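So the structure is just underneath, and the comments pick up after that.
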Amino acid sequence: MALQPAAGARDLLPRDVEANRWIADRLAEVYQRWGYAEVMPPSIERLDTLEAGGAIDGGEVLRVVADEPLGLRPELTASIARAAGSRLAAQPRPLRLHYRGSRFLAERREGEPPRIREDLQSGVELMGAPSLAGDAELLRLLLDAAGHLPLGAAQAPTLLIGHQGLLQPLLAPLAAPLQRSVREALARFDRLGLALLGLDGSLLRRLDDLLQLRGEPLAVLDHLSRDLDSPVTADLRRLVTSVQGQAAALEIRLQLDPTFQPPFALYDGLVLELACRGLHAPVVIASGGRYDGLVRRFSPGEAGATGVGFCFAIEEVRQLLSEAGGWPGDGDQPAAASLVAFGRPGTLEAALDRLQQLHRQGVRAELWPTPCPDAEAAGAIARERGLDRCEWLGPVMGGPA
Amino acid sequence: MITVALPKGALLKDAVRRFAAAGLDFSAITDPDNRLLMVPSACGSARALLVRNGDVPVYVAYGQAQLGVVGYDVLREQQRPVAQLLDLGFGGCRMAVAVRESSPYRRAADLPPHCRVASKFTRCAAEYFDALDLPVDLIHLTGSVELGPLTGVSEAIVDLVATGRTLRDNGLIAIEDLFHSTARLVGHPLALRLDDGRLQELVQAMAGVTA
């Protein structure tokens, strides 16, 4: 019998689970204050939902053996957009939902069986809010949530902001497949790949210049406005101006980056990534953006169907915090706890009664399930299990010997 | 600190020379007495990791090295999420289909369907034969691929050819090229986006040297 989990899957041990819960609870408190209600979408969905109209590569979806094409969700936005367009269709908009849950990815390498990657995510989806207000709320909420995590100068948090519309004036004359290839090459920072796409020389030079352009948002927007007449620059300027103060107070650097794109091609407007400096490599702890096209796909008749959202990668946040020495409360002495042990088999029931009496008093207590010869032996067991108190119930007078 | 992954073997000296010309001196790594696998630059502002050619994209993809030097052949085979920044020009070779000199086949498309083809680069080979719409049975070997046709393990091979001498000495002949490969400067996309200017300056300096 195999004793190891499936390739890539991991066991989370109590300390990891405690850290994950601390992070997710902290984020959820922020989401709830902003009026977001928690939902729990299914882990299994139909493949066509999960692939989100081609935005997600089917090869990344872990398929489930079933009578119909099903898979495990590689992210949660598509499932929530589906629910918003069906069971939540009658709910008034804007719809504010938050979630926590695992997503599953199939990591495939040539000649190797797929590795399973399971990550815990915590995020929000805001549907039906007008574009600018929705984007502004999303940015403020993301910064607020990040501000409730113990990130500091050592992690150098940077919020990358982009917009799919920024490049549209340059790319509009190109055929759709070529536009996609150009966006992919830019997202991968692939200068040589870009050069191989057969683009006109002046367009290639402008795209190569854009690939080098990033930094303080208003300065980048000034630069962009000079030679790129994009309708989204004014909205971006207003958006960035509205969060600059909040970001500065939280010591989160804002960086406008016209060419970056989160891993899944779900987004068709604003795109965001919160990156931090890890011990050995940079790490993305949150990402998101606007996905109006996906919402329209699930709610074709809905006027003003829009959606924005982001999610935090809880495991990445945990890793980052543990590299920086842990999270607040990590390593604290747990509250006093007791071991309840008994001397003879006949006193088991009395021991269980005592255990529950302690629980009713709010004391953490656990049972030692086999008879213990004396209080001293029970005390040694308690110390070994890290429990600071011990109650040993000796033989009951008149009970069985 | 900038970390650079450098490949052991044929590309190492040219890679070190190219970084030196751009201002980062890793020449200690080419010292015959050197046994260190992580070597600081002479100025102390960067360090080089000495890794196998095929491991360069791994270190860069995971972000442990912000930059690396690796052959295009390895990039094509591994398809890791790394940014190709510069064609460094050295380490030129071609990925080619080769058969025995006595083989009747002189074009890849003439090979019999479902014949065996041995290669270290099975992904490149699979893509190539898929594009030809020719079904072949790919056999993955980790070295001495030229033995494939000589021993009858395969009808043909797909392998890197630099001067062609190894093929000639083993009685093989290249019949078609898949692509030309040179050394590339690659980078970690997120590190490049979060760069405070030092990586871009180095890449530009190396581009200037290349030109």
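Chains A and B, in that order, are what the protein sequence lines are. Count along the first sequence from 1, then add 44; that gives the number in this note's numbering. Count along the second sequence from 1, then add 2; that gives the number in this note's numbering. For each residue, glycine too, the CB sits at the ideal point set by N, CA and C. Keep in mind the model is a prediction, meaning the values are calculated, not measured.
Exposure of residue i, with buried meaning 16 or more beta-carbon neighbours within 10 Å
i                     : result
residue 45 (chain B)  : exposed
residue 235 (chain A) : buried
residue 255 (chain A) : buried
residue 427 (chain A) : exposed
residue 331 (chain A) : buried
residue 55 (chain B)  : buried
residue 179 (chain B) : exposed
residue 40 (chain B)  : exposed
residue 356 (chain A) : buried
residue 199 (chain A) : buried
residue 57 (chain A)  : exposed
residue 173 (chain A) : buried
residue 201 (chain A) : buried
Test item: CB-CB of residue i and residue j under 8 Å
i                     : j                     : result
residue 185 (chain B) : residue 90 (chain B)  : yes
residue 70 (chain B)  : residue 16 (chain B)  : no
residue 172 (chain B) : residue 152 (chain B) : yes
residue 105 (chain A) : residue 353 (chain A) : no
residue 308 (chain A) : residue 191 (chain B) : no
residue 226 (chain A) : residue 215 (chain A) : yes
residue 127 (chain A) : residue 83 (chain A)  : yes
residue 230 (chain A) : residue 350 (chain A) : no
residue 110 (chain B) : residue 134 (chain B) : yes
residue 343 (chain A) : residue 133 (chain A) : yes
residue 68 (chain A)  : residue 146 (chain A) : no
residue 306 (chain A) : residue 284 (chain A) : no
residue 37 (chain B)  : residue 5 (chain B)   : no
residue 12 (chain B)  : residue 211 (chain B) : no
residue 147 (chain B) : residue 98 (chain B)  : no
residue 318 (chain A) : residue 203 (chain A) : yes
residue 383 (chain A) : residue 425 (chain A) : yes
residue 137 (chain A) : residue 171 (chain A) : yes
DSSP three-state assignment for residue i, whether helix, strand or coil
i                     : result
residue 347 (chain A) : coil
residue 151 (chain A) : strand
residue 98 (chain A)  : helix
residue 236 (chain A) : helix
residue 256 (chain A) : coil
residue 79 (chain B)  : helix
residue 171 (chain B) : helix
residue 40 (chain B)  : strand
residue 429 (chain A) : coil
residue 73 (chain A)  : helix
residue 92 (chain A)  : helix
residue 155 (chain B) : coil
residue 393 (chain A) : helix
residue 73 (chain B)  : strand
residue 126 (chain B) : helix
residue 445 (chain A) : Low confidence applies to residue 445 (chain A): its pLDDT is 37, below 50, so where it sits in the model is not reliable, and the reading given next is rough at best. Correct three-state label for residue 445 (chain A): coil.
residue 103 (chain B) : coil
Own chain, CB closer than 7 Å to residue i, minus 5 neighbours either side, in chain order
i                     : result
residue 286 (chain A) : 180
residue 61 (chain B)  : 7, 51, 53, 67 and 70
residue 197 (chain A) : 295
residue 432 (chain A) : 380 and 381
residue 323 (chain A) : 367
residue 49 (chain A)  : 55
residue 288 (chain A) : 298
residue 208 (chain A) : 311, 312, 313 and 315
DSSP beta-bridge partners of residue i
i                     : result
residue 182 (chain B) : B:96
residue 142 (chain B) : B:121
residue 386 (chain A) : A:437
residue 299 (chain A) : A:204
residue 316 (chain A) : A:205 and A:332
residue 148 (chain B) : Bridge partners of residue 148 (chain B): none, in fact.
residue 143 (chain A) : A:167
residue 85 (chain B)  : B:189
residue 326 (chain A) : A:321
residue 224 (chain A) : According to DSSP, residue 224 (chain A) bridges with nothing at all.
residue 5 (chain B)   : B:49
residue 356 (chain A) : A:166 and A:330
Contacting residues, own chain, Cβ-Cβ under 6 Å from residue i (five flanking each side not counted)
i                     : result
residue 149 (chain A) : 104, 118 and 161
residue 158 (chain A) : 150 and 152
residue 209 (chain B) : 88
residue 129 (chain A) : 342 and 343
Contacting residues, own chain, Cβ-Cβ under 8 Å from residue i (five flanking each side not counted)
i                     : result
residue 115 (chain B) : 136, 137 and 138
residue 29 (chain B)  : 18, 22 and 44
residue 83 (chain B)  : 63 and 191
residue 267 (chain A) : 257
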